[in-house]
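In the numbering used here, each residue's number is its place in the sequence shown (first place is 1) plus 3.
Working notes for the structure below.
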Amino acid sequence: MKRRVWARRLAIVALLALALQQAWRHGRDYVFPDKFLVVEEGKIYRGAWQQPWPMRRIIRNYRIKTIIALAHPPGDPLVLREQELARQMGVRWVHIPIVEKSADGQRKTVADALERAAAVVADPANQPVYFHCHHGLNRAALVQIAYRTLHCGWSLDQALQEIARTPMGLVEVKHGVDYHYMPTFYEERVLPRRRPQTAAASPSERK
Numbered sequence: 004m005k006r007r008v009w010a011r012r013l014a015i016v017a018l019l020a021l022a023l024q025q026a027w028r029h030g031r032d033y034v035f036p037d038k039f040l041v042v043e044e045g046k047i048y049r050g051a052w053q054q055p056w057p058m059r060r061i062i063r064n065y066r067i068k069t070i071i072a073l074a075h076p077p078g079d080p081l082v083l084r085e086q087e088l089a090r091q092m093g094v095r096w097v098h099i100p101i102v103e104k105s106a107d108g109q110r111k112t113v114a115d116a117l118e119r120a121a122a123v124v125a126d127p128a129n130q131p132v133y134f135h136c137h138h139g140l141n142r143a144a145l146v147q148i149a150y151r152t153l154h155c156g157w158s159l160d161q162a163l164q165e166i167a168r169t170p171m172g173l174v175e176v177k178h179g180v181d182y183h184y185m186p187t188f189y190e191e192r193v194l195p196r197r198r199p200q201t202a203a204a205s206p207s208e209r210k
């Protein structure tokens, strides 16, 4: 009899532990910020797509002026919800999905999106700024690398090492671009800005 009682108690404890584990797994994002990181204290922060309560706390605690959303198409329920939250909180909201797409007959590339997002991050008028993709792992990291190399004068290796030291590290993805794309971005978008203008001005241009 005693063995049966103890077996039942152990089963109840195991079920409660499992229920608590599942509640924590699926409910913590509704309470705690997801993948939140400080890039530059008082100026730049990054993370994942937040639930409304954590997002409001991030805005208040870090005095966020601008949110940059890097994922999902216009009209997506997550996009509309965060856009409305930003409006309610008096925060500027910028949507720059990092995808290859064509719009209005013009091709928008990943490099274009990264360059634009990095410029918004770097603008002091937008800071403190919070930028995020969906999971806070890949596209947010790419924007951080673009910001460091385009606006801070960092080498690509320095920017990659900074990401590698974060809790999430450098993440490879099966679909879409990841950090392996950044050497191409660095070669095409960063280095041309740093190369000196070697072409001499013509006599007519000097007058």
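Cβ atoms here follow ideal geometry from the backbone N, Cα and C, with glycine treated the same way.
Here the structure is a predicted model, which is why all the values come from computation and not from measurement.
**Q.** Rounded separation between Ala26 and Leu153 - CA only
**A.** Residue confidence for Ala26 is low, a pLDDT of 39 falling below 50, so the modelled location carries little weight and cannot support an answer.
**Q.** Minimum C-alpha distance to Pro77 - residue among His98, Tyr189 and Ile47
**A.** His98
**Q.** Bounding residues of the alpha helix (DSSP H) (the contiguous stretch that carries Trp56)
**A.** Pro55 to Tyr65
Q) How about Val82 and Trp56: do their beta carbons lie closer than 9 Å? A) no
Q) Based on the DSSP output, what are the partners of Phe134 in its beta bridges? A) Arg49 and Ile71
Q) Start and end of the beta strand (DSSP E) containing Leu40? A) Leu40 to Glu43
Q.
I'd like the span of the beta strand (DSSP E) that includes Val97, first residue to last.
A. Arg95 to His98
Q.
On the criterion of 16 or more Cβ atoms from any shown chain inside 10 Å, does Cys155 qualify as buried, or is it exposed?
A. exposed
Q) Just checking my contact of Tyr189 with Leu159 at CB under 8 Å: how many whole Å lie between their CB atoms? A) 4 Å
Q.
Which residue marks the beginning of the alpha helix (DSSP H) containing His154, and which one marks its end?
A. Arg142 to His154
Q: Enumerate in chain order the residues of its own chain whose CB-to-CB distance from Val180 is below 6 Å, with the five nearest sequence positions on each side excluded.
A: Val113
Q. If Leu213 sits next to Tyr182, beta carbons under 8 Å apart, how far is it from one beta carbon to the other, in whole angstroms?
A. The displayed coordinates of the chain run from 4 to 210. Any statement about residue 213 would go beyond what the structure contains.
Q.
Distance check for Glu103 and Ile70, CA to CA, integer angstroms please.
A. 22 Å
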